[in-house]
Every structure is written in structure tokens, then in C-alpha cells.
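Structure record follows, encoded as C-alpha cells.
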Amino acid sequence: MMNKKAETSMEILNLTWRILILTAIVLVTVSALSTVFSSKQDVRSAEAMLLARAVTECIAPNGIADENFNLGKCIATTAEGYFVNATLFSSDSSFSKSESFDIKSIQTDCAIAARGLSYTNAPVCTSSKSYVLISDKEGLKRGILEVRAGIRKVASNV
Amino acid sequence: MFRKNKKGQFFGPNISLIATSIVVVIILIISFVLVRLIVSPAGNLDSENSLKSQAITSLQAYLQTPVDVDVGGKIQQMEMSDLIRLAKLNSDYKDAAKVKTKEIFDPAFTQKYKLEVSDLFTIYGHLDNPTYQTGGLYGTLGFHGTAGVTLPGEITVTFSLP
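Here the protein sequences come in this chain order: D and R.
Anchor point for the first sequence: position 106 equals 106 in the numbering used here, and the numbering is continuous, going up by one each time.
For the numbering used here, count along the second sequence from 1 and bump the result up by 1000.
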């Protein structure tokens, strides 16, 4: 208390330390959050899964599929970068029908990707298989619905 | 005593502040590393959701599948859901329900599956070994896509895919 100049210097030093600590806290927090929010997330696998699920529910609502299904009624887009194939066949192999929606031949790339070969602009593909009942003129018969979906869209969503 | 030691006058009060600063910075660095390690994309969630969707569709179709059942010497056609409820009321039809279930799902799913009817039976696909069917090793393998329906009479039917 007697040395007022020293006291003032000490206060300035203390204040400097506090500012440095606060700055360090802010810098670390900003760095941590920026790495989280700026990291890229590839959502194409989720998108392909949702597409396959939507097509399955469209073709076979409540598990019953019409043998004369129309894939075009399930896909309301002409956008590029999507591939969908739906194959409906009976368990006794007496009936089989397959329809595809494929622009830019993603199906071939899906086959390549299935072999584990990675390359630039490779699509993300998924497939689903469900037991369904096929409705025809004679009634209901047991069948299987396989839906394959592929998403390229390299520029978006990645 | 404190005022006589001029060197101590500078460092003394500031040592705690310096120590606290170092501790705070270390905690911040550890938090930063933990955030980087913990935040990661959900890898298996998409495949689980896909399997669950397949299980839902398959279960809906299974319960509506028409089957022929010998009831009192007469062949009657009914849906699988009705046969399950009949088996719950009369255990004589339990084996018929199990046989019909395997006839439905074995051709459709080449991989394993699990169908469980509460307090009635559990079927693991493609295995006839009773040891495995009772749960053992096979029962502990993961089923990641599960769908369930509750029939009238509080009968829960659950279908699972690996």
C-alpha cells in the first residue's frame, strides 16, 4: 500500500494475465467448434436408404405389391444423379418384373462400387430386400421385393 | 515479512494466478482433443434403419399371408395373424404356426432372421438345431433391424434381421 507505483504495475500485470487467459479460452473454444461445424458430412448413404425405403413403401404399401406396379409413379423427379431399380418376383419363380430409373448409367458404377473399387465421383449405393405379398388376378402369392438405389451427386451433399 | 521481500512481492501473489492459468489451458486442450475424438459420423445408423424398414415391410406381409390350416379335420384358409392367435389359444396349433413361418421366410431370406411371438415361440432362420434355436450362440449374434406388432390379445410379434 505504501508503494503506489508498484501496486499499479501489479494490477496491470494481473489484468494482462486475465486477458491472456480469456483470449486462450476464446481461441480454444472457437477452434474446437469450427472443426465440428466445418467438417464435411457425406449424407448420400442416408439419402439412398431413404430413397429405397420410399420406393419399397410406394410399391408395396402395408406389404402388398401390385404385380403391375409402375416405378414412375414412385419417383417424381427427372433430376440427374439418382438410380433406382425395383425387382418384384414370386417365391415360386412364376412371376418376375423389374423396372429401373437410371440417368447417366449409375447402375454400372454401383456394380463397380460393390466390388470395393473406389474412384472419383463414385456413387453411394444401397439395396434392400423385403418379403411381400403379390396381388394378382388370382389373389395373393408370396414374393420378394428387391430395391436398389444409388446416389451420385458429387457436387452436392458432400 | 511479506513487505520486506521485494522479489517475493512480485511473484508471490502471481504464482497462484500463473498456476491457475496453466491448469485452465491444459483443461482446454484436453477438452479440444475430446471434442475431436467424440464427434464422429454415425456409421451404422443408416444400415440399421434400412434393416428396420425391410423388417417392417416383411412383418406386415407375413401377418397377412394366407395359409391353409387343418382345423378340426377341415382345411381352412386364414391369415398368419389368425393362426398365431389360434396357437396362443390352443397350443395344438403351435407347431403348425412354426412350420408355416419357416415356409414363408426361409425362401425369402437366405441369411438368418428371427421371428418371436411373445410367450409362444421363437424361430431363428435356417437352423434346425434345437441347441441354437433355444438361444445359445446363435441367439447372441446381433440383430440390428427389428420390427414389432401387437396383435389383439396382447400378442407381440417381432421380426428381426441381422
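Just so you know, even glycine gets a beta-carbon here, dropped at the ideal spot from N, CA and C.
Burial state of residue i, where buried means 16 or more other Cβ atoms lie within 10 Å
i: lysine 1074(R); result: exposed
i: threonine 56(D); result: buried
i: asparagine 85(D); result: buried
i: threonine 1140(R); result: In this predicted model, threonine 1140(R) has a pLDDT of only 45, less than 50, meaning its place in the structure is not dependable; the value taken from the coordinates is given anyway. Looking at its Cβ environment, which holds fewer than 16 other Cβ atoms inside 10 Å, threonine 1140(R) is exposed.
i: phenylalanine 37(D); result: exposed
i: isoleucine 151(D); result: buried
i: glutamine 41(D); result: exposed
i: serine 1091(R); result: exposed
i: proline 123(D); result: buried
i: arginine 44(D); result: buried
i: glutamine 1076(R); result: exposed
i: lysine 129(D); result: buried
i: aspartate 109(D); result: buried
i: serine 94(D); result: exposed
i: lysine 943(R); result: Past the boundaries of the shown model lies residue 943(R); chain R is included only from 1001 to 1162, so the question cannot be answered.
i: lysine 4(D); result: exposed
i: serine 34(D); result: exposed
i: isoleucine 1030(R); result: exposed
Beta carbon of residue i nearer than 7 Å to that of residue j
i: serine 1160(R); j: phenylalanine 1143(R); result: yes
i: isoleucine 64(D); j: leucine 133(D); result: yes
i: glycine 1063(R); j: methionine 1078(R); result: The sequence shown places leucine at residue 1063(R), rather than the glycine named in the question. Taking 7 Å as the Cβ cut-off, leucine 1063(R) and methionine 1078(R) do not qualify as a contacting pair.
i: glycine 139(D); j: serine 91(D); result: no
i: phenylalanine 89(D); j: aspartate 102(D); result: no
i: leucine 1059(R); j: glycine 1145(R); result: no
i: valine 154(D); j: alanine 52(D); result: no
i: isoleucine 1084(R); j: alanine 1097(R); result: yes
i: alanine 1061(R); j: tyrosine 131(D); result: yes
i: threonine 1158(R); j: threonine 1150(R); result: no
i: proline 1162(R); j: lysine 1112(R); result: yes
i: isoleucine 21(D); j: valine 1023(R); result: no
i: threonine 1065(R); j: isoleucine 1123(R); result: no
Chain R within 7 Å of residue i, Cβ atoms only
i: valine 55(D); result: no
i: asparagine 85(D); result: no
i: valine 158(D); result: Since pLDDT at valine 158(D) reaches only 48, below the 50 mark, its modelled position is unreliable, and the value read off the structure follows with that caveat. Not closer than 7 Å to any Cβ of chain R, the Cβ of valine 158(D) fails to qualify, so no.
i: alanine 24(D); result: yes
i: leucine 71(D); result: no
i: leucine 140(D); result: yes
i: isoleucine 112(D); result: no
i: tyrosine 82(D); result: no
i: glycine 150(D); result: no
i: leucine 133(D); result: yes
i: serine 128(D); result: yes
i: isoleucine 21(D); result: yes
i: asparagine 62(D); result: yes
i: isoleucine 144(D); result: yes
i: serine 93(D); result: no
Within chain B, partners of residue i - CB distance below 8 Å
i: phenylalanine 1032(R); result: Any reference to chain B falls outside this structure, whose protein chains are D and R.
Contact with chain D by residue i, beta-carbon distance below 7 Å
i: threonine 1057(R); result: yes
i: valine 1099(R); result: no
i: serine 1021(R); result: yes
i: valine 1149(R); result: no
i: tyrosine 1093(R); result: no
i: asparagine 1129(R); result: Residue placement at asparagine 1129(R) is poorly supported in this model, since its pLDDT is 43, which falls under 50; the coordinates still yield a value, given next. No, its Cβ sits nowhere closer than 7 Å to a Cβ of chain D.
i: serine 1053(R); result: yes
i: serine 943(R); result: There is simply no residue 943(R) to check, as chain R begins at 1001 and stops at 1162 in what is shown.
i: leucine 1161(R); result: no
i: alanine 1096(R); result: no
i: leucine 1037(R); result: no
i: valine 1157(R); result: no
**OP:** Pull out every residue of the region 1065–1091 of chain R whose Cβ sits closer than 7 Å to any Cβ of chain D, in chain order.
**Re:** Thr1065 and Pro1066
**OP:** Would you list, in sequence order, the uninterrupted alpha helix (DSSP H) runs of no fewer than 4 residues that lie entirely inside the region 1074–1103 of chain R?
**Re:** Segments of the alpha helix (DSSP H) lying fully in the region 1074–1103 of chain R: 1080–1089.
Subject >> Complete runs of the beta strand (DSSP E) confined to the region 11–93 of chain D [at least 3 residues] >> reply: 64–66 and 82–90
Original post:
If you measure beta-carbon to beta-carbon, which residues of the region 1107–1120 of chain R are closer than 8 Å to chain D?
Top reply: Pro1107, Ala1108 and Phe1109
**OP:** Please list the segments of the beta strand (DSSP E) lying wholly inside the region 110–143 of chain D, counting only runs of 3 or more residues, in order along the chain.
**Re:** 124–136
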